[in-house]
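Numbering (my numbering), first residue to last: 43 to 409.
Written as structure tokens, this is what we have:
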């Protein structure tokens with residue numbers, strides 16, 4: 043800990059509550075600053091020096107309010123909104139994909155990407171995180187997610203049945219008689235919970251296509267000709283060039299494609315998604331996907347289109363493929379340093395005997 047001891051008893055609890063700063067005004071470290079984090083007593087406080095660390099003796103200092111912005115050594119940055127400020131990020135007519143990104147590359151146990159600490163201080167209606175979402179004019183078959191959580195566990199090769207991942211872990215103390223709800227679902231929802239399990243299957247058919255040459259990756263000659271299957275020893279690079287695409291097909295309709303990658307693209311391939319509508323004809327399909335443009339392993343989900351039809355060609359009078367229901371995924375990025383290498387693909391059927399909904403009256407309904 044960075045303990046600072048003053049020969050004059052001037053510190054107060056409010057110095058830590060307000061994150062006040064100590065500013066050194068004499069000696070070899072004039073201008074050095076540190077945030078007061080913990081009040082010990084009137085003569086001792088624990089400080090955060092933002093990267094610098096030095097033994098100080100016989101120096102003078104002042105206690106000052108937290109600056110608006112502090113940048114210290116070790117890439118430590120602190121913002122202070124005080125009692126009436128705020129930090130706001132705005133956009134308009136936004137087309138860049140992601141407005142705000144937090145990337146954590148952990149090198150220790152217990153690291154956190156985002157930590158939100160709220161002192162409600164007894165004030166009713168205080169929210170830790172609030173999302174206000176306006177849909178706009180959604181169209182038939184559109185799909186949106188207000189909060190989407192995706193975990194890629196394909197690298198957890200040492201795990202076993204004692205390894206646990208909690209997608210949401212909710213904890214609380216239990217001291218008083220107030221009523222606590224882990225999840226509260228209000229009025230207006232058709233169903234409280236909708237569980238879509240589906241049946242995981244190997245794709246019946248699959249192709250990598252370099253317009254307009256289709257290479258069989260499911261029913262062809264191993265290893266390359268079966269590369270899209272989990273049991274295959276072959277892994278192939280996909281989306282090598284702009285406008286290259288893959289086809290994932292089945293004899294029956296499906297509503298999800300799982301893409302497991304050996305290595306992801308160095309940046310999004312900017313994929314476009316289509317479904318077959320006949321012999322070599324295609325229409326765009328709206329998806330929710332967690333591969334981030336095939337930079338990661340993930341799931342691609344969609345609602346099976348009502349006019350989905352089998353196709354036996356890549357384009358009208360184009361390369362022949364086995365007649366089936368297909369999803370087409372096209373790379374549209376012009377330049378890509380490292381295209382993805384696939385491991386295998388899976389499809390999930392449009393419905394399952396284990397799919398169900400929990401309604402507001404508590405009844406469970408199979409779907």
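Where a beta carbon is used, it is the ideal one built from N, C-alpha and C, also for glycine.
Predicted, not measured: the structure shown is a model, and the values here were computed from it.
| query | result |
| --- | --- |
| Assuming residue 317 and residue 325 make a contact with CB atoms under 8 Å, what is their CB distance in whole Å? | 6 Å |
| Buried or exposed: residue 291, going by 16 or more other Cβ atoms within 10 Å of its Cβ? | buried |
| By Cβ distance below 8 Å, which residues in the same chain neighbour residue 266 in space, the five residues on each side in sequence not counted? | 257, 259, 276, 278 |
| Hey, residue 307 and residue 355 are a contact pair by Cβ (cut 8 Å); roughly how many whole angstroms apart? | Not a contact, Cβ separation roughly 28 Å. |
| In whole angstroms, what is the alpha-carbon distance linking residue 187 and residue 71? | 52 Å |
| Tell me the rounded alpha-carbon separation between residue 100 and residue 51. | 15 Å |
| Between the C-alpha atoms of residue 359 and residue 323, what's the straight-line distance to the nearest angstrom? | 10 Å |
| Which same chain residues, not among the five before or five after residue 346, have their C-beta less than 8 Å away from its C-beta? | 295, 296, 297, 392 |
| Threshold first: 3 residues or longer. Then list the beta strand (DSSP E) segments lying entirely within the stretch 221-300, N to C. | 235-237, 247-252, 255-258, 287-292 |
| Just confirm the distance between the C-beta atoms of residue 244 and residue 332, as a whole number of angstroms; I'd bet it's less than 8 Å. | Between residue 332 and residue 244 the Cβ distance is about 20 Å, and since that is not below 8 Å, they are no contact. |
| If residue 241 and residue 390 are in contact, beta carbons under 8 Å, what's the gap, nearest whole angstrom? | 7 Å |
| For the beta strand (DSSP E) that contains residue 353, what are its first and last residues? | 353-355 |
| Applying the 10 Å Cβ sphere with the 16-neighbour rule, what's the burial state of residue 250? | buried |
| Terminal residues of the continuous beta strand (DSSP E) containing residue 385? | 383-391 |
| Is the number of C-beta pairs between the stretch 134-141 and the stretch 107-115 that are closer than 8 Å three or more? | no |
| Express the C-alpha separation of residue 262 and residue 303 in angstroms, rounding to a whole number. | 20 Å |
| Alpha carbon to alpha carbon, what distance is there between residue 106 and residue 47? | 17 Å |
| Below 8 Å CB to CB, which residues in the same chain sit around residue 44 once its five sequence neighbours on both sides are set aside? | 76, 88, 89, 90, 91, 95 |
| Our contact map puts residue 388 next to residue 314 with C-beta atoms below 8 Å; I'd like the distance itself, whole angstroms only. | Residue 388 to residue 314, Cβ: 21 Å. No contact. |
| Counting along the chain, where does the beta strand (DSSP E) carrying residue 83 start and finish? | 75-83 |
| For the beta strand (DSSP E) that residue 325 lies in, which residues bound it at each end? | 323-326 |
| With a CB to CB cut of under 6 Å and the five nearest residues on each side skipped, what residues in its chain are close to residue 311? | 281, 335, 336, 373, 375 |
| What are the start and end residues of the alpha helix (DSSP H) that includes residue 346? | Element bounds for residue 346: n/a, residue is neither H nor E. |
| Identify the residues that DSSP records as bridge partners of residue 86: which are they? | 47, 83 |
| Compute the distance between the beta-carbons of residue 146 and residue 152, then report whether it is under 7 Å. | no |
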